[in-house]
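Here full-length UniProt numbering is used: the first residue of the sequence shown is 1, the next is one more, and so on. C-beta atoms are modelled at their ideal positions from N, C-alpha and C, and glycine is treated no differently. Since we're looking at a predicted model, the values are computed, not measured.
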Amino acid sequence: MGRGGKFKKGGRGGNRGGRGGHRDAPAGHRPYTTYPEVKKENERFERYYDGLLLLPEEEKAEFWAALKKELPNSFRFCGSKGHALSVKRLLQNRYIPEITRITHEGTLVNPPQPVPWYPDSLAWSMSTPKNVIRKFPPFSAFQKFLVSETSVGNISRQEVVSMIPPLLMDLRPGMTALDLCAAPGSKAAQLLEMIHRGEEARIRQVVRKFLGAENGEIKSEETLEEEAAQLEADPSDDGRATGMLIANDADYKRSHMLIHQLKRLSSPNMVVTNHDATMYPSIRISNPTDPSKPNYLKFDRILADVPCSGDGTLRKNVNLWKDWAPAGALGLHITQVRILVRALQMLKPGGRVVYSTCSMNPVENESVVSAAIDRCGGPSKIEIVDCKNQLPGLKRKLGLKEWQIIDKSGRVWNSWKEVEEFAQSSEEGVIPSRLADTMFPITEGDCVDLPLDRCMRVYAHQQDTGGFFITVLHKLAEFKAKPEDAKKQATAAAAAAPTVEAAATTNGSANGVKRSLEENETEETALKKQKTAEETNGQEAAIPLIAEPAVSEVAVEAAPEPAPEPAVEPATEVATSFEGVGTADGPMTEVTEVTEVAPEVASLDSTTATPTVQTPSAAAPEQPERKRKPQGPYEEPFKYLQPDNEVIKSVTEFYKISPRFPSDRYMVRNAMGEPAKAIYYTSALVRDILVHNEGRGVKFIHGGVKMFVKQDAPSADVCRWRIQSEGMPILHGYVGEDRVVVLKNKETLRRLLVEMFPKISGDEYKKLNEIGERVRDLGLGCCVLRVEPEGDDEEFCETMALPLWKSFQSLNLMLPKEDRSAMLLRIYNDTTPLVNLGSLVKEKKGEEGKAEAEAAEAKTEGEDDTKMEDIQDEEVKVEDVEMTDNVKVEEEAAIKPEAAVKDEPVV
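Structure representation (structure tokens):
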């Protein structure tokens, strides 16, 4: 083994070459591994899309040329509108002018450009070649800016076309939204920003009115934001956002990547769940009219950005040129239909579902939309929204009304009738593998003339992007979904040969076996699965699942005598059939247990108990119930604290928190229900959902914002719970003036950012300018540093609230190191290394002096305060700690986000 040591990642390098060094390589560098360049050709792929899209010859050449070019880099400014505009202005004023002066090979380099159709020019794209970016220093500075702002959540590296679906949802403050396939989280972040749109302005209005300071000074950006965000947009709860986003992903590790992405937005209105989107469970909420009856949440908006074959991502996933096969799209079709049907079932009448894929294949796009509408009652229940006037500037193509399907062997089919005729005329009498009637244009019934041209197709050559498909669906009325195998039963019954029936079952509905097992489950069978839950849960399942009159048509019907529970093997076989299929969102992971199927799914029990599924299990001897292992490690429960909890009372008293701030929304994550390490805060709706669904099998893995963290304090009189940086924007307006320090000078903030633990003992406090005397006289412990810039400095104009800790002899700005560095670069264009003054003092003293100093310090400040100098290094770790067994999973996702990215590039 090399001298780098086995625990060092790649060794320290240096002149020794490090671990795994190469004798011919330069010192400290590993030799580059070169891979053969992927040949960007696929004759079957190109022939299929040439025949399908029927583009004019000139446009066809542009289409294929664009797909063979490298995808431009793109990014989006995040957070509140005022903050995002501030960071964008920095890009325009500091970095763009430098880049526009660069010439390469006699021509000016193209700088980053705003995406023309994105609102407020908050999305940008850059097509500069990598060799140019590496060569010129202005690009290096720009790259540092991107990385720095991305690390703190001010910029999201996201593919341009993936920004489209959230913009078409018409999501407004106060609405409830669900993102069914959310990881890695860029689209979910857009939705969360929409839910909080104008919240800061509304809260400022309420707080100023409460304090009687309506004539207080307001900065120009804030004024514009307040004019655009009237308090009436979300008037209840003192201006705080009352809407909610549930972000879901079927894969446990990817759902923790999702948490890492969304936590940076510090939203108490967000919950993350881990469920199979095809069988997403009902979410119970309170029933004000009749508390004895269960009530279930219906969403205003749902995003179904489903797993797909991803052939629209060829520009960044170049291996698709050699790996593309029709089986990828065919194998996902039924899953995609189920996800869309489930989304429509959970939607309010009048609500909107946006369905999207990064595929160009109609079997994943138009055929899924038409099949789902057909199952959900037709155009009288579900309407395709015409979005041609939305996002002006976005170039797009109309959805297809006619298309062909290519099977695994490369044969192209024009209709399901053609497939059936082939099966009847062939010797085997078998339908080609994975083909189903729902894949083809509908030829009979109410859905024959669906306006599929209202769907949107975005191609690579139109605006130098990837390929994408988007459809907006509007729910007109409640419905009872048809069982997905109704047509297959009719086809099987009409077929003369048993082999044809077997083939239809295998190829037409094999992918639906997992769903059928769940849909055919009677109430009694469902109760079997809940034997390990509390008794009340079993009773809940027996209650009629719908309380609202509007949804009465989907109530559970009387179920027949239940057959023995089907064996699990068919579902396992189906799940395996999806493995290896390249998707844009990763494979759908099977959820192993759902304790209560949603009301709409349960309503299918009596109608989907078909001989196709139940005959084999009826013939077989009854087997004992199989208990499948739950997916993912154990998650600590969410336990809410009472307002009279001693910790809550002491925190409220110490910070003089206004009684207008709700004290009944604090929550901890441990089974004991007592504050141990962290206290979280959620919105009222999130609280109600977490409380009403406890013990019902809904897998919540994250919710709320970390508001307080336990901290070693120098004395018993000092509150041991400090305000966490992510909770500060929510709480600071309600903290009493006794615990607030106002900073106005730009250089004072710079010193607090660069220096950790600046001294305030003796006359040292005078170096802190306008806040010196205030912090000298302030009581020990955590306080709010309210930054209120003076003057007209465009780089120092944003009001901020930051946590500050005062000890006996020093101060410390309680921010992670990356946040400090990002703020220094953003406000001061400064890359000065951070300085830990507490560590420097100890290093200057010898070992003996150091021991004497520590003894004196312990005597003066108390035994707990000696740990304060380690806070800065611990801060990042504290913020990332979830009080569960999944810390390693989340850390891994944070370190390697590229491992499971859907269609968004990662820094």
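- Considering only Leu90, Val87, Arg76, Ala189, the residue with the shortest C-alpha distance to proline 114 is Arg76.
- Below 8 angstroms, enough C-beta pairs join the stretch 279-294 and the stretch 692-702 to call them touching: three or more.
- Secondary structure of lysine 817 (DSSP, three-state): helix.
- In terms of Cα proximity to aspartate 793, the closest of Ser86, Ser761, Ser356 is Ser86.
- For threonine 357, no alpha helix (DSSP H) run applies; the uninterrupted beta strand (DSSP E) run containing it begins and ends at 347-357, by DSSP.
- The Cβ neighbour count for lysine 135, taken over all protein chains shown within 10 Å, is under 16; the residue is labelled exposed.
- Following the DSSP letters along the chain, one finds aspartate 688 inside the alpha helix (DSSP H) bounded by residues 684-692.
- Under the 8 angstroms Cβ criterion, the stretch 428-444 counts as touching the stretch 408-417, having at least three qualifying pairs.
- Inter-segment contact for the stretch 312-322 and the stretch 186-204 is absent: fewer than three beta-carbon pairs are separated by less than 8 angstroms.
- Valine 740: member of the beta strand (DSSP E) spanning 740-743, first to last residue.
- Between lysine 710 and tryptophan 721, the beta carbon gap of about 6 angstroms places them in contact (Cβ cut-off 8 angstroms).
- Straight through space, the alpha carbons of alanine 477 and proline 36 are spaced by roughly 55 angstroms.
- In the same chain as serine 658, and ignoring 5 residues on each side of it, the C-beta atoms closer than 6 angstroms to its own belong to Tyr734, in chain order.
- Minimum Cα-Cα distance from alanine 716 among the listed residues Gly779, Gly703, Ala678 corresponds to Gly779.
- Looking at the backbone, the Cα of methionine 823 and that of leucine 753 are separated by about 8 angstroms.
- The straight-line gap separating the alpha-carbon atoms of tyrosine 118 and glutamate 427 is approximately 56 angstroms.
- For lysine 60, the uninterrupted alpha helix (DSSP H) segment begins and ends at 57-67.
- Within the stretch 118-177, the complete beta strand (DSSP E) segments of 3 residues or longer fall at 123-126, listed in chain order.
- Scanning Gln809, Gln724, Cys782, His474 for the CA closest to the CA of aspartate 763 turns up Gln809.
- Per DSSP, reduced to three states, the secondary structure at arginine 254 is helical.
- The secondary-structure analysis by DSSP pairs cysteine 783 across a beta bridge with Leu804.
- Residues of the same chain with a CB within less than 8 angstroms of the CB of glutamine 390, apart from the 5 flanking positions on each side, are Leu167, Leu168 in chain order.
- Judged by beta-carbon spacing, asparagine 269 lies within the 8 angstroms limit of methionine 244, meaning their Cβ atoms are closer than that value.
- Per DSSP, the unbroken alpha helix (DSSP H) holding histidine 83 starts and ends at 81-90.
- It is roughly 6 angstroms from the alpha-carbon of serine 415 to the alpha-carbon of phenylalanine 440.
- Residue pairing from DSSP places phenylalanine 77 in a beta bridge opposite Ile155.
- By alpha-carbon distance to tyrosine 634, the top candidate from Ala61, Ala671, Lys759, Pro662 is Ala671.
- Between the stretch 452-472 and the stretch 156-164, the count of Cβ pairs shorter than 8 angstroms is three or higher; the stretches touch.
- Taking all protein chains in view, the Cβ of lysine 263 is crowded by 16 or more other Cβ atoms within 10 Å, so the residue is classified as buried.
- Sorting Met800, Gly772, Phe757 by C-alpha distance to the C-alpha of leucine 834 places Phe757 at the top.
- For serine 140, the closest alpha carbon among the candidates Gly174, Gly79, Pro116, Ile96 is that of Ile96.
- Leucine 178 is positioned such that its CB atom lies closer than 8 angstroms to that of phenylalanine 299.
- By the CB criterion at 8 angstroms, isoleucine 384 and cysteine 376 fall outside the cutoff.
- Distance from the Cα of valine 784 is smallest, within the candidate group Arg660, Thr799, Tyr296, for Thr799.
- Under the DSSP assignment, arginine 375 falls outside any beta strand (DSSP E), being part of the alpha helix (DSSP H) whose first and last residues are 366-375.
- DSSP places serine 810 within a strand segment (E or B) once states are collapsed to three.
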